[in-house]
Amino acid sequence: MTHLVMSGLTKSFGTARVVDGVDLSIEEGEAVVLLGPSGCGKTTCLRMIAGFERPDAGEIRLRDEVLVGGRTFVPPERRRMSVVFQSYALWPHLSVRENVGYGPTTAKVGRAEVRRRTDEALAMVQLDGLADRYAHQLSGGQQQRVALARALVNDPALLLLDEPLSNLDTRLREEMRSEVKRIQRSLGVTMVYVTHDQAEALSLADRLVVMHDGRIVQVGSPEDVYRRPRTGFVARALGATNVLPATVRGTGGGSVALELPGGVPVEAEAPADGPLGEGQAVMVSVRPGDVRLTPADPGHASGAVVREALFFGDHVQYSVELPGLAEPIKATGPSVGRLQPGQPVSLGVDRGAAAVLGDRPGTTATGHVPAVPAPVPGRSAA
Amino acid sequence: MALTSSAAPAASGTDAAGAPRDTGTPARERRRGQRRGTGFEQAMRAVWVIAIVALIGYPVAQVFGQSFVADDGGFTLGNYGLLASEPRLVEAILNSLWIASGTVVGSLLLGLPVAWFAVRTDLPFRRFFRGTAVLTFAAPSFIAALGWILLLGPRNGLLNTTLMSLFGLESAPFNIFSPWGIIFVLSLFLYPLVFLPVSAALGGIDPALEHAAASLGASRARVLRTVTFPVIAPALIAGSILVFVSAAVIFGPVAILGAPTGFQTIPTVLLSLMQFPPRIEAAAVISVPILVIIAGLLLVQRRLVGGKKFTVIGGKPGRQELTHLGPAGRVAGLAFCTLVVVLSIVLPFGILLATSFREALGRPFGADNFTLTGNYEQVFSQPLITAAMGNSFFLAVAATVLALALALLASWLVHRTKARSNAVIAPAMAAPLAFPGAVLGIGLIIAYAAPPFGLGGSLTILLIAYVGSALPLTFAYVHAGMGQIGAEVEEASRSLGASWARTWRRITVPLLRPSLLAAGLLNFVLLFRELEMSVFLYTGANPTIATVLYNLSNESLYQRVGALSVVILLINIVVAVVAMRLLDHRPGESRHRRTTPGTDPYASSEEAA
Ligand SMILES: Nc1ncnc2c1ncn2[C@@H]1O[C@H](COP(=O)(O)OP(=O)(O)OP(=O)(O)O)[C@@H](O)[C@H]1O
Ligand SMILES: [Mg+2]
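Chains as they are written, first to last, in the numbering used here: chain S, 133 to 514; chain E, 6 to 614.
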């Protein structure tokens with residue numbers, strides 16, 4: 133059942149249009165992750181859903197009720213949405229128990245019931261023993277759990293989380309990530325989760341929403357978006373990739389045969405949006421892990437040579453120079469049988485591993501491909 | 006960061022101030038307190054504007070206006086001719102400048118050495134000396150002046166008579182009733198204004214700067230001149246400006262010490278001009294140039310403090326190298342700092358205490374001239390004094406509460422709403438700092454004494470004055486406190502079902518408690534003994550405690566002056582102690598504040614209580 137619907141949501145601060153016509157519907161019990169670079173309007177979206185910001189235009193509906201739209205504006209306290217903030221926003225003058233019990237106390241459900249629900253929520257996040265502490269007496273991960281319990285205790289219609297794990301160190305972040313997933317699954321709560329961490333996004337999402345400059349650029353299952361990014365931007369948002377020019381050599385059977393510079397053959401799934409013509413120039417995304425390197429004789433056909441090989445223990449990262457490309461291709465390989473810089477190699481790409489992008493050649497900088505998308509400054513209102 | 010709330014043309018109803026945008030919100034919703042750009046916000050902004058205009062804007066505008074009003078009510082510049090035709094007006098201005106300059110020199114002579122000893126050397130008890138500098142500033146200067154009359158009065162001053170009998174002098178060696186006496190007393194009172202910023206700057210100097218200079222072979226004197234001094238110069242100049250402005254317009258000590266010889270400065274001449282029959286236009290003509298000059302000086306001061314502080318002084322709390330004082334240095338340092346404490350606190354307040362137990366002023370101190378309660382009984386048996394106590398108590402409490410409410414409103418507007426006009430709120434709240442009590446008092450008389458308001462001599466006009474003068478300090482505290490409470494802390498409460506009002510009650514105000522308490526108690530102390538404005542506004546029917554004390558001293562009833570001073574000081578001290586207690590020991594609150602890792606404003610939280 134459709135739970136929350138946003139349509140035509142728009143918000144400007146000053147002259148900068150921060151959210152620009154966002155349409156999205158969220159199913160009941162679904163975990164939706166908003167992913168995008170810093171400043172793309174994720175938080176603003178979330179705040180509009182929670183009722184902390186009022187959109188300039190557009191509508192938000194929760195089931196049958198219009199939350200905002202036209203002349204209606206339902207204030208945050210009547211939306212039944214719980215928010216987990218990046219800063220946790222725990223109340224320092226209240227104990228853990230009082231923090232978590234705040235929602236039920238406000239709802240005046242009676243002392244015994246407040247206690248029962250608080251205990252339940254604390255047990256859920258495994259903080260039973262710490263109820264009488266204050267926020268500053270907890271570790272970062274424990275504070276995060278309190279914030280989560282406080283949000284869950286109210287049985288929210290929607291759980292909103294804004295980069296909740298970004299203040300934690302890597303190991304704790306991984307632990308909390310699976311914790312969030314477990315809790316969300318077990319309660320069946322609908323969740324909107326904002327992040328710019330690709331691993332969080334891919335592992336938590338039932339549906340992944342990639343945003344850029346205030347707009348949604350792609351929606352789909354994590355696997356779908358990862359495997360079939362529509363643009364170089366989306367491809368990069370989900371991890372290191374090579375965005376390369378290619379030429380169409382043949383189509384048919386739902387797949388496309390392509391050729392990279394140096395005559396390297398690649399096969400990709402046929403894109404949904406329109407057929408490709410033979411000889412057409414396109415851009416493709418190839419993940420480093422899908423590039424196969426095999427040693428070759430000097431003077432072989434493609435002329436590819438290993439320039440750099442960085443050892444990471446369980447794998448090796450290569451950068452490979454290919455004549456005709458300004459930037460080297462990234463590839464990863466097993467740590468046994470490591471190739472040395474200067475080694476001529478022949479390139480291969482796993483079948484179906486490449487994705488044809490919607491970007492036209494020349495529009496995407498063939499330049500260097502950051503693993504984490506660089507911050508995109510707010511666009512001017514062009 | 007100036008934010009416009011909404012530039013999108015689609016958003017209807019963006020008003021001229023750039024503030025609220027959703028005029029379409031149904032009234033019902035607005036009352037629920039949706040906070041961004043609502044009718045509620047507009048109403049609050051209007052309340053703030055009206056309050057500021059009534060408390061400050063209108064009275065000050067009246068002072069300017071009156072200086073241009075001719076006898077027939079028309080416009081004239083002729084009033085300014087009074088400055089030429091009445092020599093005593095110019096003389097008062099020159100006297101003010103003299104007193105102010107002298108006090109700057111005196112404050113530097115006291116403040117700089119004490120700052121250096123207390124911050125950069127290993128002088129014993131340096132924390133104590135630091136503390137007393139703050140304490141001095143909290144003690145009322147006109148009461149200190151009363152103490153000095155008893156010490157250095159030309160006829161009976163205790164120090165004078167002692168010195169005369171010791172050295173067989175014919176006449177008193179010192180006369181406190183002189184400009185030098187005024188400068189002496191004011192320097193002892195105002196030197197903390199130099200001491201505090203300079204010691205902060207000295208303590209904040211990145212030691213790396215000095216080490217770098219020293220490692221390049223610079224001598225200690227050279228390091229002082231080329232590195233240390235340039236870094237503290239802004240603080241030093243800023244502090245001196247504050248001393249200058251304060252000394253030029255302070256009323257109490259000047260009135261008390263200048264009266265016998267008819268020595269007048271700006272505030273005292275203003276008071277005599279306002280005596281019956283009041284010459285309002287003359288008072289206005291003096292006030293206007295003063296206001297302009299003070300405003301200019303304070304702007305320079307803010308520049309200095311705001312600009313340099315953060316660029317030159319790195320935030321690195323590296324260990325500073327304390328200068329090791331030799332035995333001679335220690336003795337000299339201890340002697341100097343002790344002398345400052347003795348002169349600024351021990352002697353003037355000690356003599357008042359001693360005098361309050363004296364039966365007759367004419368006879369020397371001794372067991373036969375002792376009465377434990379006599380003077381206090383006399384003080385408390387006078388209905389006038391008990392009434393004044395009641396008035397001062399009521400005024401201080403009421404003005405504190407109102408000022409806190411206004412400061413809360415202003416901070417809320419600044420921190421939680423978006424409007425271009427928000428930029429004027431902080432300067433407006435600080436503006437009363439630039440208005441001498443005398444000028445504000447005169448403005449209030451012009452504005453509200455006569456019909457239609459008819460508030461002359463009422464407690465209400467005193468209340469208006471007190472609230473206005475309390476705004477800068479109150480706002481500074483509340484604003485800072487509010488700045489440390491992130492909006493998210495409130496939003497978390499809203500999203501959990503708490504209304505706007507409940508969020509304030511349960512979250513915002515409790516978190517602000519330390520700031521509210523500190524501001525409230527400090528205000529109470531300062532307003533309870535307020536003299537500068539009260540002396541213009543009170544009447545016999547509505548005395549305040551400070552005006553009673555002022556009149557007692559004019560009548561030379563020094564035993565009662567002593568007793569009443571001791572009572573006022575005791576109340577001050579009790580409130581101050583209570584304040585420190587309340588601020589320090591509150592389980593679960595002030596010390597328990599760790600919310601946001603990294604950005605946590607309360608990151609210095611200590612152990613749990
Ligand atoms: N209250 C505000 N006033 C003015 N500009 C704002 C406000 N809030 C956000 N912005 C601007 O809107 C843009 C989008 O901000 P938003 O917080 O939604 O980004 P984000 O996607 O959450 O980024 P991040 O990943 O860094 O949290 C930014 O350019 C930001 O500067
Ligand atoms: Mg954000």
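All C-beta atoms in this analysis are idealised placements derived from N, C-alpha and C, irrespective of residue type, glycine included.
Of the residues the options, the one placed nearest residue i, counting alpha carbons only
i: Ala481 of chain E; options: E:Leu542, E:Ile466, E:Asn528, E:Pro441; result: E:Asn528
i: Gln564 of chain E; options: E:Pro332, E:Ser361, E:Ile210, E:Glu91; result: E:Ser361
i: Pro236 of chain S; options: S:Pro224, S:Pro169, S:Glu252; result: S:Glu252
i: Trp121 of chain E; options: E:Ala503, E:Phe375, E:Arg510, E:Leu330; result: E:Leu330
i: Ala288 of chain E; options: E:Val95, E:Leu521, E:Val483, E:Ala428; result: E:Val95
i: Val483 of chain E; options: E:Ala56, E:Leu464, E:Pro519, E:Ser397; result: E:Pro519
i: Leu467 of chain E; options: E:Leu411, E:Val530, E:Ala403; result: E:Ala403
i: Leu156 of chain E; options: E:Leu168, E:Leu460, E:Pro92; result: E:Leu168
i: Leu226 of chain S; options: E:Thr513, E:Val572, E:Val583, E:Pro548; result: E:Thr513
Where residue i falls, given that 16 or more other Cβ within 10 Å makes a residue buried
i: Thr391 of chain E; result: exposed
i: Ile187 of chain E; result: buried
i: Val579 of chain E; result: exposed
i: Val438 of chain S; result: buried
i: Ala97 of chain E; result: buried
i: Lys462 of chain S; result: buried
i: Phe375 of chain E; result: exposed
i: Leu516 of chain E; result: buried
C-beta atoms of residue i and residue j nearer than 8 Å
i: Ala150 of chain E; j: Gly244 of chain E; result: no
i: Leu198 of chain E; j: Ser349 of chain E; result: no
i: Gly153 of chain S; j: Arg303 of chain S; result: no
i: Leu191 of chain E; j: Ile246 of chain E; result: no
i: Pro397 of chain S; j: Pro430 of chain S; result: no
i: Phe134 of chain E; j: Cys342 of chain E; result: yes
i: Ile299 of chain E; j: Val347 of chain E; result: no
i: Thr270 of chain E; j: Ser90 of chain E; result: no
i: Ala138 of chain E; j: Arg131 of chain E; result: no
i: Val232 of chain E; j: Ser112 of chain E; result: no
Cα-Cα separation between residue i and residue j, rounded to whole angstroms
i: Val553 of chain E; j: Ala283 of chain S; result: 59 Å
i: Gly456 of chain S; j: Met415 of chain S; result: 14 Å
i: Arg284 of chain E; j: Ser561 of chain E; result: 29 Å
i: Leu178 of chain S; j: Pro187 of chain S; result: 11 Å
i: Leu60 of chain E; j: Pro388 of chain E; result: 31 Å
i: Arg314 of chain S; j: Val324 of chain S; result: 15 Å
i: Leu454 of chain S; j: Gly272 of chain S; result: 46 Å
i: Val540 of chain E; j: Tyr555 of chain E; result: 9 Å
i: Glu159 of chain S; j: Gln350 of chain S; result: 17 Å
i: Ala551 of chain E; j: Ala340 of chain E; result: 34 Å
i: Glu306 of chain S; j: Tyr220 of chain S; result: 18 Å
i: Arg195 of chain S; j: Thr204 of chain S; result: 15 Å
i: Gly208 of chain E; j: Leu201 of chain E; result: 11 Å
i: Arg149 of chain S; j: Thr142 of chain S; result: 8 Å
i: Gly364 of chain S; j: Asp491 of chain S; result: 7 Å
i: Arg193 of chain S; j: Ile181 of chain S; result: 9 Å
i: Val109 of chain E; j: Lys423 of chain E; result: 42 Å
i: Ser144 of chain S; j: Arg211 of chain S; result: 23 Å
i: Ser318 of chain S; j: Gly146 of chain S; result: 42 Å
i: Gly484 of chain S; j: Leu376 of chain S; result: 15 Å
i: Ala436 of chain E; j: Pro477 of chain E; result: 7 Å
i: Ala240 of chain E; j: Leu229 of chain E; result: 15 Å
- Message: Check whether the segment 367–382 of chain S and the segment 416–424 of chain S touch, using three or more Cβ-Cβ pairs below 8 Å as the test.
- Response: yes
- Query: Would the segment 259–266 of chain S and the segment 522–539 of chain E be scored as touching if the rule is three or more Cβ pairs under 8 Å?
  - Reply: As far as the Cβ criterion goes, the segment 259–266 of chain S does not touch the segment 522–539 of chain E, which means the pair count is below three.
- Query: Using 8 Å as the threshold, is the segment 441–449 of chain E in touch with the segment 274–284 of chain E, meaning 3 or more CB pairs across them?
  - Reply: yes
- Is the segment 289–296 of chain E close to the segment 65–84 of chain E, with three or more CB pairs under 8 Å? yes
- Given 8 Å, three or more beta-carbon pairs between the segment 225–234 of chain S and the segment 199–214 of chain S: no
- Message: Counting beta carbon pairs with one atom in the segment 392–400 of chain E and one in the segment 489–504 of chain E, are three or more of them shorter than 8 Å?
- Response: no
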